[in-house]
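These notes concern the structure reproduced below.
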Amino acid sequence: MDFPLLASVAGFAFASCGTPGPNNMLLTNSATRFGYRPTLKLLLGIMFGLQLLMLLTALGLGQLFLRWPSLQWGLKIVGSGYLLWLAWNISRASAKEADETTATMSWQQGALFQFLNPKAWLMAVSAISGFTLAGEQYWPSAWTVLAIFLSLGLVTGHIWAFLGLNLRRWLHTPTDWQRFNYAMALLTAASVFMIWR
114 MDFPLLASVA GFAFASCGTP GPNNMLLTNS ATRFGYRPTL KLLLGIMFGL
164 QLLMLLTALG LGQLFLRWPS LQWGLKIVGS GYLLWLAWNI SRASAKEADE
214 TTATMSWQQG ALFQFLNPKA WLMAVSAISG FTLAGEQYWP SAWTVLAIFL
264 SLGLVTGHIW AFLGLNLRRW LHTPTDWQRF NYAMALLTAA SVFMIWR
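Positions in the sequence shown are counted from 1; adding 113 to them yields the working numbering.
Structural data, given as structure tokens:
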């Protein structure tokens with residue numbers, strides 16, 4: 114891969130992983146409610162799931178969506194339903210501050226969530242189809258794309274987690290926590306609109 118292509122992959126990965134979406138809302142919510150260590154496990158699970166999804170896409174899974182567009186619709190419907198259910202649960206979470214001994218979404222759940230996350234599928238299919246090279250360069254370029262997404266995904270995930278850790282300092286009363294829960298639920302639900310545009 115030459116430098117212009119690497120720069121394009123890095124720009125796409127940074128924009129895809131860094132913009133608001135279901136994963137970043139989960140990380141911010143988790144860091145605010147549960148602290149850094151549980152959120153780090155969630156972030157690692159998310160990145161593992163995304164890497165697995167991208168690898169399966171590179172192996173040919175992404176072609177299914179190109180051949181059968183109805184699969185895209187099905188994924189969007191299931192993913193949207195899950196995100197709305199998640200938003201509902203966030204809105205009903207306890208108004209009390211959680212501590213680091215309380216369980217957040219596990220790393221396994223974070224990894225599996227990528228297979229229901231339409232934004233993750235869109236990233237995987239777009240990255241593999243758009244930035245891999247043909248012929249003998251296919252797998253070296255695919256591994257490069259995966260490595261760039263892993264690196265920048267960890268960086269941007271930490272940015273959203275640190276945002277949550279800083280928000281935690283401002284939440285002192287049950288009312289503050291309830292407002293935070295409602296805001297996070299609204300942002301999670303709003304990510305459904307980004308899926309369908």
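Just so you know, even glycine gets a beta-carbon here, dropped at the ideal spot from N, CA and C.
Host alpha helix (DSSP H) of A255 (start-end): According to the DSSP assignment, A255 belongs to the alpha helix (DSSP H) that extends over Y251 to R281.
Q221 - DSSP class collapsed to helix/strand/coil: Judged by DSSP in its simplified three-state form, Q221 adopts helix.
Neighbourhood of F178 by C-beta, 7 Å cutoff - its chain only, sequence neighbours within 5 removed: Excluding positions up to five away in sequence, the list reads L184, Q185 and V238.
Per-residue DSSP class, three states only, for G136: The amino acid occupying residue 136 in the given sequence is Asn; Gly does not appear at that position. Per DSSP, reduced to three states, the secondary structure at N136 is helical.
W234 in three-state terms, based on DSSP: Reduced to three states, the DSSP call for W234 is helix.
Cα-Cα separation between A247 and D289, rounded to whole angstroms: Cα to Cα, A247 sits roughly 53 Å from D289.
beta-carbon P182 near the ligand SAH non-hydrogen atom, thresh 6 Å: Looking for the ligand SAH in the displayed structure turns up nothing, as the structure carries no ligands at all.
Between the CA atoms of T141 and F275 - distance to the nearest angstrom: Roughly 8 Å separates the two Cα atoms.
Terminal residues of the alpha helix (DSSP H) in which Q185 lies: Element bounds for Q185: P182 to S204.
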